[in-house]
Each structure stands twice: as structure tokens, then as C-alpha cells.
Amino acid sequence: MTSLAAKTPRLVVPGLQNLGNTCFFNAILQALASLPSVHEYLEQIEQRARITKRTITFTCALRDCLDALTPREENDQSRRVVVAPRILNAELTSRLSAFQGNKQQLVGNEQRRCSVQDRGLADLAMTNATRSSISDLRLLQAVDERNWNPLQGLQVNLLQCACCSRFRPLQNQPFIDVSLSLVALDERKLSHLTDALQLYTEQEAIDGVECSYCSVVEQLKDTKEKYAQEETHMALDQESVSNESEIAQHERKDWIYTLKQLADSSSSIDLEQLGWSMPRKCGESHKRLQFSRSPDVFCFHLNRKVYRRTGGAVKLETYVEFPLELDMSVYCQYELDCDGAAKQKVANGSSRSAARRFGVSSPPRSEASKQQYLLYDLAAVILHHGNERSGHFTAYRRTGPSQWFFVSDETIREVPVTDVLSSCAYMLFYERKFRTKRITRSSETEETTDDDDSLPDVPFEPHLLLPNGRY
291 MTSLAAKTPR
301 LVVPGLQNLG
311 NTCFFNAILQ
321 ALASLPSVHE
331 YLEQIEQRAR
341 ITKRTITFTC
351 ALRDCLDALT
361 PREENDQSRR
371 VVVAPRILNA
381 ELTSRLSAFQ
391 GNKQQLVGNE
401 QRRCSVQDRG
411 LADLAMTNAT
421 RSSISDLRLL
431 QAVDERNWNP
441 LQGLQVNLLQ
451 CACCSRFRPL
461 QNQPFIDVSL
471 SLVALDERKL
481 SHLTDALQLY
491 TEQEAIDGVE
501 CSYCSVVEQL
511 KDTKEKYAQE
521 ETHMALDQES
531 VSNESEIAQH
541 ERKDWIYTLK
551 QLADSSSSID
561 LEQLGWSMPR
571 KCGESHKRLQ
581 FSRSPDVFCF
591 HLNRKVYRRT
601 GGAVKLETYV
611 EFPLELDMSV
621 YCQYELDCDG
631 AAKQKVANGS
641 SRSAARRFGV
651 SSPPRSEASK
661 QQYLLYDLAA
671 VILHHGNERS
681 GHFTAYRRTG
691 PSQWFFVSDE
701 TIREVPVTDV
711 LSSCAYMLFY
721 ERKFRTKRIT
731 RSSETEETTD
741 DDDSLPDVPF
751 EPHLLLPNGR
761 Y
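Each position in the sequence shown, counted from 1, maps to that position plus 290 in the numbering used here.
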């Protein structure tokens with residue numbers, strides 16, 4: 291009887307020709323080629339381009355290159371396949387000034403660490419790509435304009451007053467990758483990926499932050515006291531009461547009513563629009579960052595270049611432990627809580643437009659399924675060999691549940707997973723374990739059958755921000 295292992299074909303991956311100091315570029319391409327969500331995303335862009343009759347040469351070149359890097363069954367011919375990404379390289383060189391010759395992978399220039407991400411994997415020729423913060427426009431408009439990049443997520447800065455526990459107006463900011471420090475504030479070196487994520491999202495106390503709500507409450511208290519004092523004075527000495535005093539009392543009464551309305555409101559308060567000056571109350575606030583929309587692919591960049599107090603930079607060779615499966619629910623609690631609160635609002639009778647705004651296209655997920663939604667599998671690892679000034683980039687990429695390859699330009703060899711987990715990672719690519727099929731708006735039918743791309747717009751009302759009081 292033939293064993294199951296014998297029936298399962300062994301796979302190999304093609305190598306990439308180095309076109310002149312392009313080892314980092316090659317490592318990035320191998321990592322992207324290991325991500326099914328990226329292949330699907332590029333396919334959707336091409337489908338839309340065919341419908342709209344647009345020319346997207348960069349996206350086509352990228353997709354052709356990633357398709358050429360698809361794993362294939364092992365045989366004598368497949369072991370010798372080497373891809374030369376000349377067309378893609380030429381597209382990048384002609385469109386990005388940073389991608390010229392050997393400038394594309396200077397180790398000291400962190401912002402160029404992933405050139406193909408500069409426009410979020412959308413075609414470089416696109417003129418309608420969304421560049422501003424998602425908070426500056428309706429999210430549905432952004433979703434209608436283009437398919438959502440699987441590497442792009444949103445993160446939100448939460449600023450909470452320590453006195454009243456209210457939040458200042460929030461703003462979502464898009465991200466493609468997450469740069470993690472490997473050194474804590476006490477100069478302690480971190481040893482696990484989750485430690486770096488905890489440092490990235492931990493709470494920070496900030497003094498002297500103005501709070502509109504506390505300012506309103508303080509002004510309401512002072513105005514009530516003045517009103518009561520004046521009422522007592524007018525009752526004791528009615529003969530000395532002037533018209534001006536009565537008018538002032540009526541104004542105070544109206545002002546008290548306005549302040550009560552503001553204090554009882556769940557909406558954010560803009561003191562500049564009140565038409566009445568008041569003292570601003572400042573105090574301690576707590577600031578922290580959370581992921582408000584998790585991407586299908588988390589790309590973590592471990593910042594191994596640090597600057598010493600005595601001057602100069604040094605590369606950290608610290609080994610950072612990272613798992614094959616990563617649970618991001620701890621760092622996406624804002625997304626989980628907003629998802630539940632928004633869906634409850636829709637379930638209580640909101641309109642379909644509200645449902646689309648809050649991203650509800652199906653019955654609310656159970657707690658178990660929400661946790662599974664934030665499970666990620668390790669798909670690729672990029673390594674840097676060298677010092678803080680120069681070096682060479684290689685990659686590990688997964689081709690199956692338990693099959694991994696080490697890639698160094700044209701050199702390819704199969705390795706055990708223990709080699710991957712013991713490596714000194716520079717970048718980590720984690721892909722969502724349970725992904726949903728995303729269908730975006732078609733320019734022909736103008737119909738949307740899946741609103742999975744939606745995200746609640748912020749700022750939220752305070753009671754939606756803190757359904758469980760955890761922030």
C-alpha cells in the first residue's frame with residue numbers, strides 16, 4: 291500500500307536572479323509570493339482593470355513575477371528554474387526615484403525596506419489611490435474606490451482622560467507594516483515577538499492634556515454656584531435687583547441648560563463652537579495604540595538598527611522568539627469591541643445604511659469565531675546578514691503546512707521548520723489563518739455582495755468605545 295507521504299508531491303520554489311544588489315528586493319518578492327491573499331488581491335485589480343479598460347503595467351508585472359515564483363512539483367527541471375524580474379525592476383526604476391541602481395536596499399535607510407509597498411501594492415500609475423487618513427473620508431467611499439490591500443490595516447491612537455475616562459476624538463491611520471522596537475524604555479532587550487507587540491501597544495501617561503468634557507463639567511459646576519449665589523442675593527434684597535442682574539441670571543440659566551446638554555451628550559465636544567469662552571481644564575491622560583482594522587497580512591519589521599547615546603549606530607543581533615501561529619486578539623481588542631457594539635446597534639433596529647457603515651453583512655460572529663479571525667500563520671521570514679552598514683538579505687518561505695525553503699537569490703534549499711524558528715528575523719509575514727472571500731463593487735453591476743472590508747468610522751460615542759471598560 292502506498293503511504294500518504296508518497297502520494298503528496300514534494301514542491302520546490304524558483305530562485306531569483308540578482309540584477310545588481312537586489313537581494314532585498316528578491317527576498318521581498320519571495321515573501322509576497324508565499325501569500326495567497328496577495329495573489330488574490332492582484333488578480334482582483336487586474337479584473338477591475340479589464341472592466342474599466344485601464345492600463346496597469348506595474349501590477350501586471352508584479353503579478354507575473356509572483357506567479358512565476360509559485361511552488362511547483364519537484365523534478366530535475368524545476369530544481370534549476372531561476373526567475374529574472376527585469377520587467378518589474380524596470381517598472382520600479384522608472385517610477386520610483388528611490389529605486390535606482392544599488393540605492394534600493396541601503397541598510398541604513400529603513401523607509402525603503404519594502405519598495406513594492408510604497409503605493410500599497412496598487413498600481414503606481416493610479417491617480418485615485420486613497421492617500422489620506424481613513425478618518426478624513428467615509429470608509430465606504432475608500433472601499434468603493436479600490437480593492438483593499440491585504441497588507442494594509444488601520445491603527446488608532448486612543449487618548450483617554452484619567453479623570454473622566456472619556457476619549458478625545460480619534461483618528462484612524464493606515465499602515466502597511468509595523469515597525470517594532472527590540473529595546474524597552476529601561477534599555478532591556480526584548481526576547482519575544484509578543485513582548486515587542488506589548489511594548490508597541492502599551493499605555494503611556496501624558497500630563498497637561500486638555501479635556502473638553504472635564505472643562506464643561508467644571509464650568510457647569512461653577513455656573514451653578516454663581517447662579518445659586520445670585521438667586522439667594524436677589525431673594526434677600528429684591529429692591530436692589532436691576533434689569534441687568536435679571537438678564538445675567540437668565541443668561542446663566544440658559545448657559546447651565548447648554549452645559550447640561552453637553553455633559554449628558556455621548557458625542558465629542560468642540561468648545562470652539564460654543565460661542566462662550568470658558569477655562570480649559572488640563573490633566574493626565576492615557577495614550578495607547580490599538581489595531582482598529584486588522585489586515586489579512588501582518589508584516590512586522592524588527593528594528594535592529596539602534597543609535598547609541600555615545601553616537602553612532604549598531605545592529606542588534608538579539609534573537610527574538612516568534613511563533614508559527616500568532617494570536618493578535620490581545621492587540622486588536624478595539625476592533626473586537628467596536629465590531630460587537632456596532633453589530634448590536636444594527637440588531638437593535640438601525641437602517642441598512644448604518645449596517646454598511648458598521649461593516650455588518652452577516653449575523654454577529656460568536657466570541658470563538660472572532661478569536662479565530664485574529665489567528666495568523668507564519669508565511670515568510672526575511673533575514674539580514676551583515677552589520678548596520680551593509681550586508682545580504684535572504685528569506686524563508688512556506689510552501690505547505692510543514693514545508694519550508696531557504697532562499698538566497700538563485701540558491702534554494704529545503705529546510706526544517708526548526709531552522710526557521712531559530713533564525714534571527716528581520717521581517718516577519720503572518721497571514722490570517724481563516725480568511726473570507728472578498729467581493730468588491732463592480733463598475734458594471736454596482737453591486738456589493740460582501741461588506742467585509744468595512745470598518746466603523748471614528749470618533750465613536752464614548753459608550754461604544756468602552757463597552758467593557760478595558761481601555
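Ideal Cβ placement from N, Cα and C applies to all residues, glycine included.
8 Å Cβ cutoff, residue i in contact with chain B
i: VAL507; result: No chain B appears in the structure shown, which is made up of a single protein chain.
Per-residue burial, residue i [other beta carbons within 10 Å of its own, 16 or more giving buried]
i: THR739; result: Summary for THR739: the model assigns pLDDT 35, below 50, so the residue's position carries little reliability, and this model does not support an answer.
i: LYS571; result: buried
i: PRO304; result: buried
i: ARG687; result: buried
i: GLN320; result: buried
i: ASP586; result: buried
i: LEU429; result: Unreliable positioning characterises LEU429 in this predicted model, as indicated by a pLDDT of 41, which lies under 50. The coordinate reading is nonetheless provided below. With 16 or more Cβ atoms within 10 Å of its Cβ, LEU429 is classed as buried.
i: GLU625; result: buried
i: ILE702; result: buried
i: ASN677; result: exposed
i: LEU306; result: buried
i: TRP545; result: buried
i: LEU427; result: Caution applies to LEU427, whose pLDDT of 38 falls short of 50 and renders its modelled position unreliable; the value that the coordinates give is listed next. When all chains shown are included, LEU427 counts as exposed.
i: TYR666; result: buried
i: SER554; result: A small fix is needed here, since residue 554 is Asp in this sequence, not Ser. With fewer than 16 other Cβ atoms within 10 Å, it is exposed.
i: VAL697; result: buried
i: TYR547; result: exposed
i: THR360; result: exposed
i: GLN528; result: exposed
i: SER582; result: buried
i: TRP694; result: buried
i: TYR663; result: buried
i: PRO569; result: exposed
i: SER567; result: exposed
i: GLN445; result: buried
i: ASP627; result: buried
i: HIS674; result: buried
Bounding residues of the beta strand (DSSP E) (the contiguous stretch that carries residue i)
i: ALA321; result: Looking at the DSSP string, ALA321 is not in any beta strand (DSSP E); the run it does join, the alpha helix (DSSP H), is 313-323.
i: TRP694; result: 694-698
i: ALA685; result: 681-688
i: ILE496; result: 494-500
i: LYS605; result: 603-605
Span of the alpha helix (DSSP H) around residue i
i: TYR621; result: Neither: TYR621 is in no alpha helix (DSSP H) and is coded neither H nor E.
i: LEU711; result: 707-711
Beta bridge counterpart(s) of residue i as assigned by DSSP
i: TYR720; result: PHE588 and LEU668
i: THR484; result: Bridge partners of THR484: none, in fact.
i: ARG703; result: PHE696
i: LEU449; result: LYS577
i: SER327; result: Note: SER327 sits in no beta bridge, so no partner.
i: LEU833; result: Examination of residue 833 is not possible in this model, given that the chain is present from 291 through 761 alone.
i: SER469; result: HIS591
i: PRO440; result: Paired residue(s): none; PRO440 is not in a bridge.
i: ARG583; result: LEU444
i: PRO613; result: None; PRO613 has no bridge partner.
i: TYR597; result: ALA603
i: GLY305; result: VAL372
i: LYS479; result: VAL473
i: PRO691; result: According to DSSP, PRO691 bridges with nothing at all.
i: GLN463; result: GLN445
inquiry  = List, from N- to C-terminal side, the alpha helix (DSSP H) runs of 4 residues or more that fit wholly inside the region 526-577.
reply    = Listed in chain order, the complete alpha helix (DSSP H) runs (minimum 4 residues) inside the region 526-577 are 533-554.
key: Ordered list of alpha helix (DSSP H) runs contained in the region 343-380, each at least 4 residues   = 347-358
query = Given 8 Å as the limit, is there contact between the region 476-489 and the region 519-532, that is, 3 or more CB pairs closer than that?
reply = no
key: the region 318-335 / the region 437-444 touching (three or more Cβ pairs under 8 Å)   = yes
request  = May I ask you to verify whether the region 589-599 touches the region 453-471, counting CB pairs closer than 8 Å and requiring at least 3?
outcome  = Yes, the region 589-599 touches the region 453-471.
message = Under 8 Å, with one C-beta from each stretch per pair, do the region 696-715 and the region 327-347 reach the 3-pair mark?
response = no
ask   = Is there contact here, the region 449-458 with the region 558-578, by at least three beta-carbon pairs under 8 Å?
value = The region 449-458 is in contact with the region 558-578.
request  = Evaluate the contact criterion for the region 487-498 versus the region 506-516: three or more CB pairs, one atom per stretch, below 8 Å.
outcome  = Cβ pair count under 8 Å is below three, so no.
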